[in-house]
Amino acid sequence: MTVEASGTGATLLDISIAHKITHWHECGGHGRCTTCRVRILDGASHLSAPTRRETELAQARGWDPTIRLACQTSASGNISLERIVLSEAAASQLRAETVGREAGTERQLAILFCDMRDFTALADTNSAFDVVHILNRFFEVLGDPILLNGGIISHYVGDQICGLFGLDDDDHARSCSGAMRAALGMAEAIDRLNEELAGSFGVLLKIGIGVHFGNAIVGEVGHPTLRRLTIVGDDVNTASRIEAMTKEMGAKILISRAVADRLAEASLSITATTMARLRGKRHDVELLAIDGFSDPSPFALAQRSIGRLLNDPSVFAEQFYANMFAMRPELEGLFSNGTVSQGAMLSHMLRSVVSGLERRKHVTIGLQTLGRKHVGYGVELDHYDTFRAAMLKTIGDVMGGDMTHEMAESWSNTLDVILGQMKEGAGAEFRRH
Ligand code: HEM
Ligand code: FES
Numbered sequence: 040m041t042v043e044a045s046g047t048g049a050t051l052l053d054i055s056i057a058h059k060i061t062h063w064h065e066c067g068g069h070g071r072c073t074t075c076r077v078r079i080l081d082g083a084s085h086l087s088a089p090t091r092r093e094t095e096l097a098q099a100r101g102w103d104p105t106i107r108l109a110c111q112t113s114a115s116g117n118i119s120l121e122r123i124v125l126s127e128a129a130a131s132q133l134r135a136e137t138v139g140r141e142a143g144t145e146r147q148l149a150i151l152f153c154d155m156r157d158f159t160a161l162a163d164t165n166s167a168f169d170v171v172h173i174l175n176r177f178f179e180v181l182g183d184p185i186l187l188n189g190g191i192i193s194h195y196v197g198d199q200i201c202g203l204f205g206l207d208d209d210d211h212a213r214s215c216s217g218a219m220r221a222a223l224g225m226a227e228a229i230d231r232l233n234e235e236l237a238g239s240f241g242v243l244l245k246i247g248i249g250v251h252f253g254n255a256i257v258g259e260v261g262h263p264t265l266r267r268l269t270i271v272g273d274d275v276n277t278a279s280r281i282e283a284m285t286k287e288m289g290a291k292i293l294i295s296r297a298v299a300d301r302l303a304e305a306s307l308s309i310t311a312t313t314m315a316r317l318r319g320k321r322h323d324v325e326l327l328a329i330d331g332f333s334d335p336s337p338f339a340l341a342q343r344s345i346g347r348l349l350n351d352p353s354v355f356a357e358q359f360y361a362n363m364f365a366m367r368p369e370l371e372g373l374f375s376n377g378t379v380s381q382g383a384m385l386s387h388m389l390r391s392v393v394s395g396l397e398r399r400k401h402v403t404i405g406l407q408t409l410g411r412k413h414v415g416y417g418v419e420l421d422h423y424d425t426f427r428a429a430m431l432k433t434i435g436d437v438m439g440g441d442m443t444h445e446m447a448e449s450w451s452n453t454l455d456v457i458l459g460q461m462k463e464g465a466g467a468e469f470r471r472h
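For what it's worth, my numbering labels the leading residue of the sequence shown as 40, then goes sequentially.
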């Protein structure tokens, strides 16, 4: 699509927002999250020079010159560009870039391996098309819990998926607890996937998950034209072997003592412990079989329902505005541009914020900025309660009978965080005037 922008000084991100183009901008345009990045296809000479912040980021992350940060760049003539970050998964994976590109760095990480059991049997009894479909669904539903809990998907090996927690975070307890939440989220996700696949394919997928905490060398490895994030090290092998032990021990999730030591023991539901000799190792390690974790993310159920909720963003938005205006008719006057394109922006923002809640650092600044901008739209602090009530009602309307008490609570927590941060930004703006 083509848009025309007049006046000077507006950044490329400002122009997207003004034209209601959904454009990821987790930090609200502060040059921190890099989710607003775009690829310039034509007209680069019309762009402002990179700011210092952008230059630093581009160098550290090894971007080629066609990549620019939309929130740091303005244009003085025609340009053509494309957005790069178009999904939560893409936004989450940006964490991998914080790792030194060429040299590789040593990091302390929680390392998770998950493997599909009896994959060979599945491949033998289904057509190639079906196997590819099943594998793609498998990687999708098992990848989401990794991304939503602060991890990145490091790589796939055949039917195995590897998640890393702590690439951009030195809080080891948080990395281990993210990995635990992801492991339990994956165990649940596989049950739901099995319900979905049972009818059409008659398959029952089983997984084993191993989690270990330790050192890994992380870097980009491969032919210069095709480099992939790769991790190597003794502890990486240990994580993979712990996963292999799940089969022997008949456990779904096995973790090492190194992980358990970084979590509050009372938060773990341990079904068995054992000393085991892992393949290729000289010493026994203590392994714990886990079937629950009493420290679930307060956002987990909200995150899980967001896909269904925003399946048709226009239906959701229409219902939401109808609910809000029924509760407080005078609010309709604030939406001078109507609510149709506004609903698309709201849904987009809601999706990106809810899925980014574990990347809180950037999302917090982004929400405060959004709150500040809302002062300019005429939004008062006491409007927020109406918005919250209308949002909860709409979520209930759309989810219908599937709305459990726990899900309502998770949404309530989620909205408290989002609206709380927006109000903080708005409050600061009101005080400034
Ligand atoms: C979950 C919280 C909210 C989110 C994610 C959100 C999101 C957005 C977004 C993305 C925009 C487009 C412009 C921009 O990016 O700055 C916008 C505009 C707007 N929002 Fe919100 N908003 C939220 C809460 C509220 C609340 C509490 C109100 C109060 C009624 C409100 C009223 C408005 C209005 C009046 C506009 C401008 C509409 C226009 O230009 O016609 N929003 N919002
Ligand atoms: S870096 Fe541009 S929005 Fe965050």
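In this text, a Cβ means the ideal position worked out from N, Cα and C, and glycines have one as well.
Contacting residues, own chain, Cβ-Cβ under 8 Å from residue i (five flanking each side not counted)
| i | result |
| --- | --- |
| residue 409 | 67, 388, 461, 464 |
| residue 436 | 358, 362 |
| residue 161 | 155, 170, 173, 242, 244 |
| residue 271 | 255, 256 |
| residue 320 | 277, 280 |
8 Å contact criterion, which residue i and residue j should meet: CB distance rounded
| i | j | result |
| --- | --- | --- |
| residue 188 | residue 224 | 7 Å |
| residue 221 | residue 185 | 5 Å |
| residue 112 | residue 96 | Wrong, their Cβ atoms sit about 12 Å apart, outside the cutoff. |
| residue 414 | residue 469 | 6 Å |
| residue 165 | residue 240 | 7 Å |
| residue 108 | residue 75 | 6 Å |
Secondary structure of residue i, DSSP reduced to three states
| i | result |
| --- | --- |
| residue 192 | strand |
| residue 405 | helix |
| residue 376 | coil |
| residue 43 | coil |
| residue 301 | coil |
| residue 70 | coil |
| residue 462 | helix |
| residue 393 | helix |
| residue 382 | helix |
| residue 49 | coil |
| residue 259 | strand |
| residue 60 | coil |
| residue 241 | coil |
| residue 472 | coil |
| residue 76 | strand |
Length of the line joining the Cα atoms of residue i and residue j
| i | j | result |
| --- | --- | --- |
| residue 425 | residue 301 | 41 Å |
| residue 81 | residue 256 | 38 Å |
| residue 381 | residue 58 | 10 Å |
| residue 124 | residue 418 | 29 Å |
| residue 91 | residue 177 | 42 Å |
| residue 69 | residue 314 | 49 Å |
| residue 216 | residue 337 | 13 Å |
| residue 266 | residue 99 | 16 Å |
| residue 147 | residue 196 | 22 Å |
| residue 219 | residue 334 | 9 Å |
| residue 181 | residue 190 | 12 Å |
| residue 455 | residue 365 | 22 Å |
| residue 423 | residue 227 | 34 Å |
| residue 117 | residue 331 | 56 Å |
| residue 277 | residue 299 | 15 Å |
| residue 445 | residue 452 | 11 Å |
| residue 290 | residue 258 | 32 Å |
| residue 371 | residue 457 | 22 Å |
| residue 114 | residue 94 | 17 Å |
| residue 342 | residue 390 | 9 Å |
| residue 212 | residue 133 | 22 Å |
| residue 378 | residue 167 | 46 Å |
Nonlocal neighbours in the same chain, by C-beta distance under 7 Å from residue i, ignoring five residues either side
| i | result |
| --- | --- |
| residue 137 | 206, 207 |
| residue 280 | 317, 318 |
| residue 155 | 177, 198, 244, 246 |
| residue 352 | 382, 383, 386 |
| residue 430 | 359, 454 |
| residue 373 | 416, 417, 418 |
| residue 450 | 341, 431, 434 |
Cβ-based neighbour list, residue i, same chain, cut-off 6 Å, excluding 5 preceding and 5 following
| i | result |
| --- | --- |
| residue 72 | 65, 66, 401 |
| residue 129 | none |
| residue 105 | 78, 79 |
| residue 327 | 294, 299, 309, 312 |
| residue 269 | 260 |
| residue 405 | 65, 66, 67 |
| residue 282 | 152, 154, 247, 249 |
| residue 127 | 394 |
Quick one: complete beta strand (DSSP E) runs, 3+ long, within the stretch 313-365? DSSP runs (the beta strand (DSSP E)) wholly in the stretch 313-365: 323-332.
Extract the residue ranges of the beta strand (DSSP E) inside the stretch 78-144, only unbroken runs of 3 or more that lie entirely within it. Listed in chain order, the complete beta strand (DSSP E) runs (minimum 3 residues) inside the stretch 78-144 are 106-108, 119-122.
So within the stretch 143-230, which uninterrupted alpha helix (DSSP H) runs reach at least 4 residues, ignoring any that extend past its ends? Within the stretch 143-230, complete alpha helix (DSSP H) segments of at least 4 residues are found at 158-164, 167-187, given in chain order.
Pick out the complete alpha helix (DSSP H) segments inside the stretch 401-459, 4 residues or longer, and give them in chain order. The qualifying runs are 422-438.
Where in the stretch 261-309 do unbroken runs of the alpha helix (DSSP H), each at least 4 residues long, occur, reported from the N-terminal end onward? Restricting attention to alpha helix (DSSP H) runs no shorter than 4 residues, the stretch 261-309 encloses them at 273-288, 296-299, ordered along the chain.
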